[in-house]
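Colleague: Input: one structure, supplied below.
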Amino acid sequence: MDTPQPTESHTLKKSHKLQNVCYDIRGPVLDHAKRLEEEGQRILKLNIGNPAPFGFEAPEEILQDVMRNLPTAQGYCDSKGLYSARKAIMQECQRKQIPGVGIEDIYIGNGVSELIVMAMQALLNDGDEVLIPAPDYPLWTAAAHLSGGHGVHYLCDEQADWSPDMADIRAKVTSRTRAIVIINPNNPTGAVYPPEVVREVLDIAKEHNLVVFSDEIYDKILYDGVEHTATGALADDDQLVITMNGLSKSYRCAGFRSGWMTISGTLAKQRANDFIQGLTMLASMRLCANVPAQHAIQTALGGYQSINDLILPGGRLLAQRDITIEKLNAIPGVSCVTPKGALYAFPRLDPKVFNIKDDQQLVLDLLLQEKILLVQGTAFNWPEPDHVRIVTLPWADQLGDALDRFANFLSRYRQ
Numbered sequence: 031m032d033t034p035q036p037t038e039s040h041t042l043k044k045s046h047k048l049q050n051v052c053y054d055i056r057g058p059v060l061d062h063a064k065r066l067e068e069e070g071q072r073i074l075k076l077n078i079g080n081p082a083p084f085g086f087e088a089p090e091e092i093l094q095d096v097m098r099n100l101p102t103a104q105g106y107c108d109s110k111g112l113y114s115a116r117k118a119i120m121q122e123c124q125r126k127q128i129p130g131v132g133i134e135d136i137y138i139g140n141g142v143s144e145l146i147v148m149a150m151q152a153l154l155n156d157g158d159e160v161l162i163p164a165p166d167y168p169l170w171t172a173a174a175h176l177s178g179g180h181g182v183h184y185l186c187d188e189q190a191d192w193s194p195d196m197a198d199i200r201a202k203v204t205s206r207t208r209a210i211v212i213i214n215p216n217n218p219t220g221a222v223y224p225p226e227v228v229r230e231v232l233d234i235a236k237e238h239n240l241v242v243f244s245d246e247i248y249d250k251i252l253y254d255g256v257e258h259t260a261t262g263a264l265a266d267d268d269q270l271v272i273t274m275n276g277l278s279k280s281y282r283c284a285g286f287r288s289g290w291m292t293i294s295g296t297l298a299k300q301r302a303n304d305f306i307q308g309l310t311m312l313a314s315m316r317l318c319a320n321v322p323a324q325h326a327i328q329t330a331l332g333g334y335q336s337i338n339d340l341i342l343p344g345g346r347l348l349a350q351r352d353i354t355i356e357k358l359n360a361i362p363g364v365s366c367v368t369p370k371g372a373l374y375a376f377p378r379l380d381p382k383v384f385n386i387k388d389d390q391q392l393v394l395d396l397l398l399q400e401k402i403l404l405v406q407g408t409a410f411n412w413p414e415p416d417h418v419r420i421v422t423l424p425w426a427d428q429l430g431d432a433l434d435r436f437a438n439f440l441s442r443y444r445q
């Protein structure tokens with residue numbers, strides 16, 4: 031008996047809400063990488079900032095604290111998070127000079143990713159707009175679309191160390207704009223904005239009464255003596271600033287899924303009471319965040335900051351950043367602004383040299399030929415197919431070899 035073929039009316043399709051949602055860091059090219067791995071091929075995955083596979087493990091004292099608290103971590107906790115963890119985050123805000131953040135202004139989530147989606151859902155109505163940098167971490171754009179809004183991308187200027195283009199921001203504010211996102215230190219460019227740049231963004235936000243979302247997950251991964259200033263520390267008291275941070279990068283606890291969101295701006299919080307009630311409701315709907323992982327927060331924030339051993343001269347992360355930039359800038363037709371923070375490089379491939387029309391095809395061809403997995407620049411909502419993002423987590427000699435192979439690939443590659 032023949033099996034009836036499904037008709038168009040019987041095909042189960044994804045929700046219309048997902049129509050413009052995209053997250054190509056784990057997109058179609060990764061599917062090809064998985065297929066190659068199933069065939070026995072070894073793939074160097076430079077597509078995602080996942081520290082553990084490259085030997086960056088969580089500090090032992092953090093693991094010990096989580097293990098010792100497991101017997102008492104079996105039930106749900108407060109929907110905003112454990113008191114001890116939120117108290118440590120509050121004290122971290124005080125250290126960073128972010129004023130007015132109390133225990134109830136802190137929400138702990140299953141990673142910053144969950145909190146970004148939660149914040150967009152609480153804020154946006156259909157058709158609302160959020161200003162998001164280009165290039166961006168694409169979850170911000172995806173979350174805005176999933177929540178019924180639109181991500182409107184303001185350009186960052188490669189010639190100015192990837193600082194936001196203020197004129198472009200001003201040109202893209204409309205009556206539907208509700209918020210602006212700052213990613214500092216930046217993923218994917220590695221830019222770290224000086225205080226005067228952040229203040230200028232805050233001035234625009236204040237002029238148009240915009241909520242400011244500040245993604246600061248890489249705030250302790252800094253190079254060359256650069257310092258990071260929290261957005262909330264620079265904002266006026268009548269500006270609502272929502273800051274995102276967590277354990278995944280600076281403390282190498284990516285799999286713990288332990289992130290947090292803080293709300294600052296004492297006067298602004300009074301006006302935003304209804305929005306904040308919405309955040310609290312959404313936090314309550316998922317009951318609570320991962321309780322065992324929350325026991326890592328107090329030790330991480332209050333203990334020895336082992337990240338400094340990795341970013342200062344002699345440290346692995348600095349050495350890997352340096353070899354990446356040296357190798358990339360030695361490739362004819364490739365240039366890369368030196369990252370001042372984070373775990374990535376975002377090199378430019380000169381269109382006059384390579385004539386790339388489809389950057390996803392470029393990274394797929396590199397994967398198939400060299401077994402190296404990168405992410406195309408357009409996956410970060412960069413408007414031109416002339417960049418790629420490279421994760422700088424492998425050992426320096428491994429990175430050097432991979433970038434030599436990338437150079438050889440580019441020397442013969444044209445579209």
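Residue numbering for the sequence shown follows this note's numbering, starting at 31 and increasing by one per position. C-beta: ideal position from N, C-alpha, C; glycine also.
Does the region 370-379 come within contact of the region 417-424, defined as at least 3 CB pairs closer than 8 Å?
Modeller: Yes, they touch.
Colleague: Would you mind reading off the limits of the beta strand (DSSP E) that contains residue 419?
Modeller: Counting along the chain, the beta strand (DSSP E) containing residue 419 begins and ends at 418-421.
Colleague: If we call anything under 8 Å between Cβ atoms a contact, is residue 208 one with residue 159?
Modeller: Yes, these two residues count as a Cβ contact at 8 Å.
Colleague: Taking buried to mean at least 16 other C-beta atoms within 10 Å of its own C-beta, is residue 300 buried or exposed?
Modeller: That one is exposed.
Colleague: Closer than 6 Å by C-beta to residue 173: which residues in its own chain qualify, once you throw out the five before and the five after it? Chain order, please.
Modeller: Correct list, in chain order: 146, 147 and 150.
Colleague: Is it buried or exposed for residue 96, if we count other Cβ within 10 angstroms and need 16 for buried?
Modeller: When all chains shown are included, residue 96 counts as buried.
Colleague: With a cut-off of 8 Å on the beta carbons, I'd call residue 309 and residue 137 a contact; round off their distance for me.
Modeller: Yes, residue 309 and residue 137 are in contact; Cβ-Cβ is about 7 Å, under 8 Å.
Colleague: Among the residues of its own chain, which have a CB less than 6 Å from the CB of residue 25, if the five just before and after it don't count?
Modeller: For residue 25 there is no data in the structure shown, the boundaries of the chain being 31 and 445.
Colleague: So who's on the other strand from residue 406, going by DSSP bridges?
Modeller: In DSSP, residue 406 forms a bridge with 418.
Colleague: Can the beta-carbon of residue 341 be found less than 8 Å from the beta-carbon of residue 348?
Modeller: Taking 8 Å as the Cβ cut-off, residue 341 and residue 348 qualify as a contacting pair.
Colleague: Rounding to the nearest angstrom, what Cα-Cα distance links residue 78 and residue 85 in this structure?
Modeller: Each residue's alpha carbon lies about 14 Å from the other.
Colleague: My assumption, with CB atoms under 8 Å, is that residue 76 sits in contact with residue 432. Please give the rounded CB distance.
Modeller: Their Cβ separation, rounded to whole angstroms, is 7 Å, which keeps residue 76 and residue 432 in contact under 8 Å.
Colleague: Starting from the Cα of residue 282, find the closest Cα among 47, 58, 68 and 80 and give me that residue.
Modeller: Among 47, 58, 68 and 80, the Cα nearest to that of residue 282 is on 80.
Colleague: Less than 8 Å separating the beta-carbons of residue 327 and residue 119?
Modeller: The answer is yes: Cβ separation under 8 Å.
Colleague: According to the neighbour-count rule (16 or more other Cβ atoms, all chains shown, within 10 Å of its Cβ), is residue 116 buried or exposed?
Modeller: Buried, because 16 or more other Cβ atoms sit within 10 Å of the Cβ of residue 116.
Colleague: Pick out whichever of 274, 279 and 311 has its Cα sitting closest to the Cα of residue 293.
Modeller: Of the candidates 274, 279 and 311, the one whose C-alpha sits nearest the C-alpha of residue 293 is 274.
Colleague: Would you report the Cα separation of residue 224 and residue 102, rounded to the nearest angstrom?
Modeller: If I take the Cα positions, the gap works out to 43 Å.
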